[in-house]
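S.K.: One structure is given below, represented as structure tokens, and several questions about it will come after.
If you want it as structure tokens, here you go:
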């Protein structure tokens, strides 16, 4: 049946499927989403998927960590007008990219032992390392409201606006005491893109940087700052590398070693 | 000026009496070192010895996130002003914060008055409270360490009582209503006040030399101080959020999924954020961190002075306390002066 | 007496909400050159069409419902009421959405904002209008205002330069302006392409600054120069004007910043103590000398 609704697909590469789950968690809006979009391909949520039609928008979750991810990604890109990377894995590499600096062979042996050598594994890299990405919406998982705003903008033919504010700003708006200043914690708030309303610091948990870095994150100043609180560089690097290692490691962490 | 005395033994009853005038908000402890203004659940939680809250009183009038109106492609624009009828008694503002509000009154009142700010401002009764400075207070240098107006009532602490200054007609109504809790000020009280005042004056350890500062800033526009600061500043925006006079905001629309309707919202913003001065098409008028940091300092001590004859800094010390990377505003200006 | 005597500003008479747009209708879209169309708006409330009193050089905030708001300079002149004309370049989210908006759609308009050209002070003077590219948009308002009050101004010269004949805004109007005897209308293009169907070019070829040689006997002491164009254009035109000994406060420029609220509150367009939306967007060259951040060449 022909209609004017944008044809979309939602795909998962190597990931926990948490971002797709966040979409399914849209509760009240889910029915509107289903009405507004012509969902052609969404393996996680429906059967009878159509994996050939050209798509207006492809939402891609997950990191490229296996050769089949890469094949899938190229195929998705080829059939999609717009590609939206959703979730921190797709945007920054996520948890899977944490140990990229260690050769795969060593990692494979560490995890699977000497005997098993059939595991398809490559250094985990975000989607933008391989194909053109039109819109990036990080989050671990993505924020439901932000996702809906992205969809709403796209439905109107607008590119979505994602504010480049730090988590610190939302943390102060929520009137939290600073965990760096008062408790000497390694909090990634100043480096990390907002959108979560400083969820973790509001519960007295330091920001782990799960949205990945803001544009122009001030890495050096953060390291200097943490050092004055007696926090070692290793601690800082470990924390920063958890969700967005490819953003830090190639240019920053390794360069200084 | 009408000045009365509130014995400390009557303080609890006084605070309870205020509840007839609105929801009473007081300074409360948030963490080991931090305080916030919030609704009073009982009088014992009032942090009478607090010095500064994380967010200044501006949050009551200029909310961190504020819906401006609803829009719809068929019905147009419908004004929304949350809490425009909510009566609040805001207790415990120190003189610096009262000055902060007076500065915001200018900002939001000049040229095109801001309806959202004043809709709430008119409903809030301001009750001031005296204080003893710590090592981050430099209000004395900013001439905001005392105030003769900007409050409805003001409490100056003595040993076993408070001097209660009446600053407005509604303040007078309250003091009349609660007159059974109040007594006359004696000669002894006056002497005690003068003694405490002197002690307070001597307690200040931090000062900012503001003489000639706007001119020095003009001369130091290209100073290496700004480059150094740009290297140190995280551009996290914390100082702007907690500043009693920072009032920049970002405006955006939240759209409903299926209909052409939604809300226009404004949200606290900071001139330190990378995209702050980006225009349509992508050009950024302040690309470098150093430029953005400089802009913030110039706005407070140069720009505002040019426009309104006084700086827009109140010396409250919040930006010192809440800078994760320990940038110290007084040290910055001392460096600019070549005196650090 | 106001119970809040400590407030320096009255709080009860604030009936108008400056953040709230008025409903208007996009009545017509006129393509001019690629990505520079003319948009015509009319308020839904007919009374507003008369009440919307603006000066040449002022701007308005246009809301595309469901997308957002953007500041747009007004190209029409207050001397011709009824319809607001805005020449809009497709630049960002909001202008892009405007281009996708069908005629007859509802939009929101707030304004007018900004200082506008000091037309009262300019009366009795000669006026030199120098435009580059889309800079003609706000200057068209000034030009037509002057032409509609022609007797109140001295000599009027228009110098307008674009990249090619295809980029000339308000082409038809330019044709008739060139025929006027009470206006010296000088047009130039950097290059006049010769291809089938290319717009024939009767103007000059070269940079805008080269047009000065065709303007004889400028009475610099008695002339205001209103300049608007891209940064590189400012650089050369200002050089020329200063060499000709123009008084710095008689050189008027229209600047662009991120004017988000339009009413001097949000801070985004502030440059030092100047708000582009309140103290500008029209600044004199003296302002620019005085405010280091004001212009980037």
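Chains as they are written, first to last, in this note's numbering: chain L, 17 to 273; chain G, 1441 to 1780; chain V, 210 to 506.
We treat Cβ as the ideally placed atom computed from N, Cα and C, and that holds for glycine.
Pick from V:326, V:237 and V:265: whose alpha carbon is nearest that of residue 309 (chain V)?
M.R.: As a working note, residue 309 (chain V) is residue 100 in the third chain. Answer by Cα proximity: V:237.
S.K.: Below 7 Å CB to CB, which residues in the same chain sit around residue 21 (chain L) once its five sequence neighbours on both sides are set aside?
M.R.: Numbered from 1 along the first chain, position 5 holds the residue referred to as residue 21 (chain L). Around residue 21 (chain L): 52, 53 and 54.
S.K.: So with CB distances below 7 Å, who are the chain L contacts of residue 309 (chain V)?
M.R.: Along the third chain, read from residue 1 onward, the residue named residue 309 (chain V) stands at position 100. 173, listed in chain order.
S.K.: Check residue 137 (chain L) in the structure and name its three-state DSSP category.
M.R.: Within the first chain, residue 137 (chain L) is the residue found at index 121, counting from 1. The answer is coil: DSSP assigns residue 137 (chain L) none of H, G, I, E or B.
S.K.: Should residue 140 (chain L) be labelled buried (16 or more other beta-carbon atoms within 10 Å of its own) or exposed?
M.R.: Here the question's residue 140 (chain L) lines up with position 124 in the first chain. Buried: at least 16 other Cβ atoms inside 10 Å.
S.K.: Measuring only the C-alpha atoms, how far is residue 348 (chain V) from residue 414 (chain V)?
M.R.: Along the third chain, one-based indexing puts residue 348 (chain V) at 139. Along the third chain, one-based indexing puts residue 414 (chain V) at 205. Cα to Cα, the separation comes out at about 21 Å.
S.K.: Give every residue of the same chain whose Cβ lies closer than 8 Å to the Cβ of residue 1779 (chain G), excluding the five residues on either side of it in the sequence, and list them in chain order.
M.R.: Walking along the second chain from the start, residue 1779 (chain G) turns up at place 339. So the list reads 1649, once near-sequence residues are dropped.
S.K.: Hey, is residue 1668 (chain G)'s beta-carbon within less than 9 Å of any beta-carbon in chain V?
M.R.: Numbered from its first residue, the second chain carries residue 1668 (chain G) at position 228. False, the Cβ-Cβ gap to chain V never drops below 9 Å.
S.K.: Output yes or no for whether 9 Å exceeds the beta carbon distance between residue 394 (chain V) and residue 1706 (chain G).
M.R.: The residue you call residue 394 (chain V) lines up with position 185 of the third chain. The residue you call residue 1706 (chain G) lines up with position 266 of the second chain. For residue 394 (chain V) and residue 1706 (chain G), no; Cβs fall outside 9 Å.
S.K.: Roughly how many whole angstroms lie between the Cα atoms of residue 145 (chain L) and residue 62 (chain L)?
M.R.: Reading the first chain from its first residue, position 129 is the one you call residue 145 (chain L). Reading the first chain from its first residue, position 46 is the one you call residue 62 (chain L). So the alpha carbons of these two residues sit roughly 29 Å apart.
S.K.: Is there a Cβ from chain L that is less than 9 Å from the Cβ of residue 431 (chain V)?
M.R.: One-based indexing of the third chain puts residue 431 (chain V) at position 222. No, residue 431 (chain V) lies away from the interface with chain L (no Cβ there is under 9 Å from its Cβ).
S.K.: Since I believe residue 153 (chain L) is in contact with residue 100 (chain L) (beta carbons under 8 Å), could you give me their beta-carbon distance rounded to a whole number of angstroms?
M.R.: Here the question's residue 100 (chain L) lines up with position 84 in the first chain. Here the question's residue 153 (chain L) lines up with position 137 in the first chain. With a Cβ gap of about 6 Å, residue 100 (chain L) and residue 153 (chain L) count as contacting.
S.K.: Taking contact to mean at least 3 C-beta pairs separated by less than 8 Å, is the region 228-242 of chain L in contact with the region 193-208 of chain L?
M.R.: Yes, the region 228-242 of chain L is in contact with the region 193-208 of chain L.
S.K.: Would a check of beta-carbon distances place residue 191 (chain L) closer than 9 Å to chain G?
M.R.: Taking the first chain and counting its residues from 1, one reaches residue 191 (chain L) at position 175. Yes, contact with chain G.
S.K.: I'd like to know if residue 482 (chain V) contacts chain A, where contact means its C-beta is closer than 9 Å to some C-beta of that chain.
M.R.: In the structure shown, chain A does not exist; the protein chains are L, G and V.
S.K.: Any C-beta of chain G sitting closer than 9 Å to the C-beta of residue 238 (chain L)?
M.R.: In the first chain, counting from the first residue as 1, residue 238 (chain L) sits at position 222. Yes, contact with chain G.
S.K.: I'd like to know whether the C-beta of residue 177 (chain L) is nearer than 9 Å to at least one C-beta of chain V.
M.R.: The residue labelled residue 177 (chain L) in the question sits at position 161 within the first chain. Residue 177 (chain L) counts as touching chain V.
S.K.: For residue 115 (chain L), which residues does DSSP report across the bridge?
M.R.: Numbered from its first residue, the first chain carries residue 115 (chain L) at position 99. For residue 115 (chain L), which the question treats as bridged, DSSP gives no partner whatsoever.
S.K.: Taking only beta-carbon positions, decide if residue 1580 (chain G) is within less than 9 Å of chain V.
M.R.: Against the second chain, residue 1580 (chain G) aligns to sequence position 140. Not an interface residue.
S.K.: Hey, does residue 1554 (chain G) have any beta-carbon neighbour from chain V nearer than 9 Å?
M.R.: Within the second chain, the letter at position 114 stands for residue 1554 (chain G). Chain V, which has a Cβ nearer than 9 Å to the Cβ of residue 1554 (chain G), makes this yes.
S.K.: Does the distance from the CB of residue 196 (chain L) to the CB of residue 256 (chain L) come in under 9 Å?
M.R.: Your numbering for residue 196 (chain L) matches position 180 in the first chain. Your numbering for residue 256 (chain L) matches position 240 in the first chain. The answer is no: Cβ separation not under 9 Å.
S.K.: Below 7 Å on C-beta distance, what does residue 324 (chain V) contact in chain G?
M.R.: Sequence index remark: in the third chain, residue 324 (chain V) carries index 115 (1-based). Ordered by position in chain G, no residue passes the 7 Å Cβ test against residue 324 (chain V), which lies about 11 Å from the chain.
S.K.: Taking the straight line between their C-alpha atoms, what separation do you get for residue 1761 (chain G) and residue 187 (chain L)?
M.R.: On the second chain, residue 1761 (chain G) is found 321 positions in, with the first residue counted as 1. On the first chain, residue 187 (chain L) is found 171 positions in, with the first residue counted as 1. Taking the straight line from one Cα to the other gives about 15 Å.
S.K.: Determine, for residue 210 (chain L), whether the minimum Cβ-Cβ distance to residues of chain V falls below 9 Å.
M.R.: In the first chain, the residue the question calls residue 210 (chain L) occupies position 194. Taking Cβ atoms only, chain V never reaches closer than 9 Å to residue 210 (chain L), which makes this a no.
S.K.: What's the gap between the Cα of residue 1763 (chain G) and the Cα of residue 1730 (chain G)?
M.R.: Along the second chain, one-based indexing puts residue 1763 (chain G) at 323. Along the second chain, one-based indexing puts residue 1730 (chain G) at 290. So the alpha carbons of these two residues sit roughly 16 Å apart.
S.K.: Taking DSSP's pairing of strands, which residues face residue 416 (chain V) in a bridge?
M.R.: Locating residue 416 (chain V) in the third chain gives position 207, counting from the first residue. Partner(s): none; residue 416 (chain V) has no beta bridge.
S.K.: Comparing the C-beta of residue 83 (chain L) with each C-beta of chain V, is any distance below 9 Å?
M.R.: Mapped onto the first chain, residue 83 (chain L) falls at position 67. Taking Cβ atoms only, chain V never reaches closer than 9 Å to residue 83 (chain L), which makes this a no.
S.K.: What ranges does the beta strand (DSSP E) occupy inside the region 119-195 of chain L, keeping only unbroken runs of at least 3 residues that lie completely in it?
M.R.: DSSP runs (the beta strand (DSSP E)) wholly in the region 119-195 of chain L: 151-153.
S.K.: Name the two residues that bound the continuous alpha helix (DSSP H) containing residue 1509 (chain G).
M.R.: For the purposes of this step, residue 1509 (chain G) is taken as the residue at position 69 of the second chain. Looking at the DSSP string, residue 1509 (chain G) is not in any alpha helix (DSSP H); the run it does join, the beta strand (DSSP E), is 1505-1512.
S.K.: Going along chain L in order, which residues have a C-beta closer than 9 Å to the C-beta of residue 306 (chain V)?
M.R.: Taking the first residue of the third chain as 1, we reach residue 306 (chain V) at position 97. Under the 9 Å cutoff, chain L gives 172, 173 and 174.
S.K.: Does the Cβ-Cβ distance between residue 335 (chain V) and residue 362 (chain V) come in under 9 Å?
M.R.: To locate residue 335 (chain V), count along the third chain from 1; it is residue 126. To locate residue 362 (chain V), count along the third chain from 1; it is residue 153. Yes; because the gap between Cβ atoms is below 9 Å, this pair is in contact.
S.K.: Judging by CA-CA distance, which residue of G:1541, G:1574 and G:1482 is the nearest neighbour of residue 1422 (chain G)?
M.R.: Lying before the first or after the last residue shown, residue 1422 (chain G) is absent from chain G, which here runs from 1441 to 1780.
S.K.: Can you confirm whether residue 256 (chain L), when its beta carbon is compared against all beta carbons of chain G, has any partner nearer than 9 Å?
M.R.: Reading the first chain from its first residue, position 240 is the one you call residue 256 (chain L). Judged by the 9 Å Cβ criterion, residue 256 (chain L) is not in contact with chain G.
S.K.: Using a Cβ-Cβ distance cut-off of 9 Å, determine whether residue 365 (chain V) contacts chain G.
M.R.: In the third chain, counting from the first residue as 1, residue 365 (chain V) sits at position 156. Residue 365 (chain V) does not count as touching chain G.
S.K.: Beta-carbon of residue 1646 (chain G) versus every beta-carbon of chain L: anything under 9 Å?
M.R.: Along the second chain, one-based indexing puts residue 1646 (chain G) at 206. Not closer than 9 Å to any Cβ of chain L, the Cβ of residue 1646 (chain G) fails to qualify, so no.
S.K.: Where residue 1529 (chain G) and residue 1585 (chain G) are concerned, what is the direct C-alpha to C-alpha distance, given to the nearest angstrom?
M.R.: The residue given as residue 1529 (chain G) occupies position 89 in the second chain. The residue given as residue 1585 (chain G) occupies position 145 in the second chain. If you take the alpha carbons of residue 1529 (chain G) and residue 1585 (chain G), they lie about 22 Å apart.
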